[in-house]
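Engineer: So in the numbering used here the end of the sequence shown lands on 436, straight run, no missing numbers.
All residues carry an ideal CB built from backbone N, CA and C; glycine is no exception.
Structure in structure tokens, see below.
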Amino acid sequence: MKIGIIGTGYVGLPTGAGLADLGHEVVCIDKDENKINILQQGKSTIYEKGLDELLSRNIKNGRLKFTSKMQEGVEDAQVVIIAVGTPPDPVSGEADLSYIYAAAQELALYLRDYTLVATKSTVPVGTGDKIEQILRENAKNADFDVISLPEFLREGFAVDDFFHPDRIVVGCESERAESLIRELYAPLAEKGNMLFVNRRSAEVIKYASNAFLAMKIHYINEMADFCEAAGADVAQVAKGMGLDKRIGDKFLNAGPGYGGSCFPKDTKAMAYMGRQSGVNLSLIEAAIRGNDLRQAKMANRILSAACDVKNCKIAIWGLAFKNGTDDVRVSPAMEIVQQLLRNGADLTVYDPKAMDNAKKILQDKVKYAASAIEAAQGADVLAILTEWSEFALIDVNALKKAMRGRKIVDLRNLFATCALDKKGFAYECIGKTTN
Ligand code: UDX
């Protein structure tokens with residue numbers, strides 16, 4: 002099938018490359034000509050494991066193309082996927098739909114024969130109706146359906162998640178649309194992983210899922226605080242909870258709070274939609290409040306470990322919002338670094354993939370190291386903020402030799418079971434009382 006994808010970000014790009022790899026002819030569209038030029042050379046504009054190979058393989062076989070011109074991308078497409086951003090209003094949290102509406106307005110100019118328009122961007126309930134209205138008003142004689150096709154890719158695992166989806170949720174009310182989507186995803190459809198619901202329910206499923214996962218993370222973070230007060234160990238509590246299949250063992254890792262371009266945005270948008278509908282989504286509101294306060298709490302732990310911050314060198318391991326990605330958008334690590342800087346901290350930072358993105362924000366306010374050990378060189382305190390596995394595998398003797406002090410504040414509990422205190426470190430993690 003011929004597919005047009007509007008938006009080549011963390012959702013559009015892996016989706017386009019994945020669909021091309023399934024055998025479809027895909028054209029990815031983006032207004033950012035610079036981005037399109039980079040992509041046309043087979044270079045990915047985001048870090049995602051396996052994405053470079055996927056791009057180059059499908060550019061070479063001619064199934065994956067890029068353009069900054071909407072018409073080129075959609076004129077003979079059978080399916081057009083809208084994958085543009087829906088950033089939150091900084092105050093109300095309401096999703097900004099201007100990019101969605103602009104894409105729909107421009108797309109309408111080129112709609113003629115039957116086209117399936119699928120919204121993959123995370124959009125408030127009822128947005129599908131508005132997109133349909135825009136297209137009807139601006140493409141009076143065109144034949145099309147508008148469906149909701151929410152995305153569940155995790156950053157850092159997008160390629161793997163594309164080829165092994167545990168669910169493909171489709172919000173549509175037309176049989177023609179359903180059969181086209183079944184053809185589009187045929188190679189990925191396994192028993193029971195394709196769910197057809199009405200459009201508004203599909204829009205809610207996305208928000209309700211992300212908000213639930215965010216709440217689950219905030220819940221285990223609150224349990225971590227309780228465990229510290231109660232002399233328990235949150236990792237053991239999480240293990241015990243996770244054995245209950247109704248709870249599940251995923252997303253029970255306590256940390257500095259959830260971040261990224263999705264959970265913070267989607268929880269706030271969901272809470273906003275609740276308020277607009279006169280429904281008090283109290284659990285989500287509480288998780289938002291608690292999560293927003295967490296980074297300050299975590300920064301204070303590092304500051305108290307530093308004692309006299311003016312005469313203390315602090316090494317920071319991890320800037321990305323989680324392991325596996327170069328993305329620092331709404332990263333708890335970056336928020337903690339900014340809070341430490343506001344307190345006059347002298348920081349040397351390292352992240353395996355997010356340094357370039359972090360430099361755009363931190364500029365010359367911190368020193369940059371080329372490795373974890375280099376960042377620890379001469380440091381009095383080491384703070385671990387992102388759960389990169391290379392940190393957990395570090396040579397502890399080399400670390401001891403590099404550091405000037407012996408304090409480690411591990412906000413991802415990477416060394417929680419390594420008894421570092423017996424190796425001469427003053428080790429502190431979360432959710433467990435350490436001496
Ligand atoms: C999320 C959803 O998982 C995905 O389905 C959706 O499509 C997009 O939003 P993503 O934002 O990439 O994916 O990251 P995710 O892996 O969900 O982690 C989100 C945040 O929660 C990160 O800051 C991560 O460090 C944190 N987290 C995750 C925890 O603190 N503890 C956990 O146990 C899991």
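By the three-class DSSP mapping on this structure, what secondary structure does Met1 have?
Structural biologist: Within the shown structure, residues of the chain are numbered from 2 to 436, placing residue 1 beyond reach of any answer.
Engineer: So, using beta-carbon positions, are Val118 and Met274 closer together than 8 Å?
Structural biologist: Residue 118 sits at position 117 when you count from the first residue of the sequence shown. Residue 274 sits at position 273 when you count from the first residue of the sequence shown. No, Cβ-Cβ distance for Val118 and Met274 is not below 8 Å.
Engineer: Can at least three beta-carbon pairs, one atom from the stretch 305-318 and one from the stretch 230-245, be found at a separation below 8 Å?
Structural biologist: Verdict: no, contact absent.
Engineer: Following a CB-centred definition, is Glu204 positioned closer than 7 Å to any heavy atom of ligand 1?
Structural biologist: Residue mapping note: residue 204 aligns to position 203 of the sequence shown, counting from 1. Every heavy atom of ligand 1 is 7 Å or more from the Cβ of Glu204, so no.
Engineer: So, using beta-carbon positions, are Ala306 and Val410 closer together than 8 Å?
Structural biologist: Translated into positions along the sequence shown, residue 306 becomes position 305. Translated into positions along the sequence shown, residue 410 becomes position 409. A contact, by the Cβ cut-off of 8 Å.
Engineer: Measuring straight from C-alpha to C-alpha, what distance separates Met216 and Leu282?
Structural biologist: On the sequence shown, position 215 is the one that residue 216 refers to. On the sequence shown, position 281 is the one that residue 282 refers to. Rounded to the nearest angstrom, the two C-alpha atoms are 12 Å apart.
Engineer: Taking the continuous alpha helix (DSSP H) assigned at Thr16, which residues delimit it?
Structural biologist: Counted from its first residue, the sequence shown places residue 16 at position 15. Element bounds for Thr16: 13-22.
Engineer: Using DSSP with H/G/I as helix, E/B as strand and the rest coil, what is Pro91?
Structural biologist: Taking the sequence shown and counting its residues from 1, the one referred to as residue 91 is at position 90. Note: Pro91 maps to coil in three-state DSSP.
Engineer: If you draw a straight line from the alpha carbon of Val160 to that of Asn139, how long is it in whole angstroms?
Structural biologist: For this step, residue 160 is matched to residue 159 along the sequence shown. For this step, residue 139 is matched to residue 138 along the sequence shown. Distance between the alpha carbons of Val160 and Asn139: 35 Å.
Engineer: Examine ligand 1 and report whether any of its heavy atoms sits within less than 7 Å of the Cβ of Arg155.
Structural biologist: Here residue 155 corresponds to residue number 154 of the sequence shown, with the count starting at 1. Yes; taking the cut-off as 7 Å, the Cβ of Arg155 has a heavy atom of ligand 1 nearer than that.
Engineer: Could you please give the first and the last residue of the uninterrupted alpha helix (DSSP H) stretch that includes Phe213?
Structural biologist: Here residue 213 corresponds to residue number 212 of the sequence shown, with the count starting at 1. Start and end: 200-231.
Engineer: Is Cys430 a contact residue of ligand 1, with contact defined as CB to any heavy atom under 7 Å?
Structural biologist: Reading the sequence shown from its first residue, position 429 is the one you call residue 430. Not under cutoff, so the answer is no.
Engineer: Along the chain, where does the beta strand (DSSP E) containing Leu381 start, and where does it finish?
Structural biologist: Position 380 of the sequence shown, counted from the first residue, corresponds to residue 381. Position check: residue 381 holds Asp in this sequence, whereas Leu was assumed. It is not in any beta strand (DSSP E) - Asp381 carries neither H nor E in the DSSP assignment.
Engineer: Just tell me which of Ser69, Lys423, Ile101, Ala393 has its CA closest to the CA of Gly86.
Structural biologist: Start at 1 with the first residue of the sequence shown, and residue 86 comes out as number 85. Of the candidates Ser69, Lys423, Ile101, Ala393, the one whose C-alpha sits nearest the C-alpha of Gly86 is Ile101.
Engineer: In the DSSP output, what is Trp318 paired with across the bridge?
Structural biologist: Taking the sequence shown and counting its residues from 1, the one referred to as residue 318 is at position 317. DSSP, once it has assigned bridges, lists Tyr351, Ile385 as partnering Trp318.
Engineer: Could you round the C-beta distance between Lys361 and Leu348 to whole angstroms and report it? I think they count as a contact, below 8 Å.
Structural biologist: The residue labelled residue 361 in the question sits at position 360 within the sequence shown. The residue labelled residue 348 in the question sits at position 347 within the sequence shown. Between Leu348 and Lys361 the Cβ distance is about 16 Å, and since that is not below 8 Å, they are no contact.
Engineer: Looking at Gly232: is its Cβ nearer than 8 Å to the Cβ of Thr434?
Structural biologist: Along the sequence shown, one-based indexing puts residue 232 at 231. Along the sequence shown, one-based indexing puts residue 434 at 433. It is a contact, given that the beta carbons lie within the stated cut-off.
Engineer: With 16 as the cutoff for other CB atoms within 10 Å, does Ser99 come out buried or exposed?
Structural biologist: Reading the sequence shown from its first residue, position 98 is the one you call residue 99. By the neighbour-count rule (16 or more Cβ atoms within 10 Å), Ser99 is not buried but exposed.
Engineer: State the Cα-Cα distance for the pair Trp318 and Leu110, rounded to the nearest angstrom.
Structural biologist: As a first step, residue 318 is located in the sequence shown; it is residue number 317 there, counting from the start. As a first step, residue 110 is located in the sequence shown; it is residue number 109 there, counting from the start. Cα to Cα, Trp318 sits roughly 49 Å from Leu110.
Engineer: Would you grab the beta carbon distance between Asp357 and Gly261 for me? Rounded to a whole angstrom, and I think it's under 8 Å.
Structural biologist: Taking the first residue of the sequence shown as position 1, residue 357 is located at position 356. Taking the first residue of the sequence shown as position 1, residue 261 is located at position 260. 18 Å between Cβ atoms; not a contact.
Engineer: When the Cα of Lys3 is compared with those of Leu185, Gln339, Phe145, which residue comes out closest?
Structural biologist: Locating residue 3 in the sequence shown gives position 2, where the first residue counts as 1. Of the listed residues, the one whose Cα sits closest to Lys3 is Leu185.
Engineer: For the alpha helix (DSSP H) holding Ala370, just list the boundary residues, first then last.
Structural biologist: Counted from its first residue, the sequence shown places residue 370 at position 369. First-last for Ala370: undefined, no H or E at that position.
Engineer: In three-state terms, what does DSSP make of Asp53?
Structural biologist: For the purposes of this step, residue 53 is identified with residue 52 of the sequence shown, where counting begins at 1. DSSP places Asp53 in helix when its eight states are reduced to three.
Engineer: Would you identify the three-state DSSP class for Phe145, choosing helix, strand or coil?
Structural biologist: What you label residue 145 is simply residue 144 of the sequence shown in a count that begins at 1. Of the three classes helix, strand and coil, the one that applies to Phe145 here is strand, per DSSP.
Engineer: To the nearest angstrom, report how far apart Ala321 and Ala355 are at their CA atoms.
Structural biologist: By 1-based counting over the sequence shown, the position of residue 321 is 320. By 1-based counting over the sequence shown, the position of residue 355 is 354. When rounded, the distance between both Cα atoms is 6 Å.
Engineer: Given a cut-off of 8 Å, decide if Val12 and Leu154 are closer than it, judged by their beta-carbon atoms.
Structural biologist: Taking the first residue of the sequence shown as position 1, residue 154 is located at position 153. Taking the first residue of the sequence shown as position 1, residue 12 is located at position 11. The answer is yes: Cβ separation under 8 Å.
Engineer: Any heavy atom of ligand 1 closer than 7 Å to the Cβ of Pro333?
Structural biologist: Position 332 of the sequence shown, counting from 1, holds the residue named residue 333. Yes, the beta carbon of Pro333 sits closer than 7 Å to at least one heavy atom of ligand 1.
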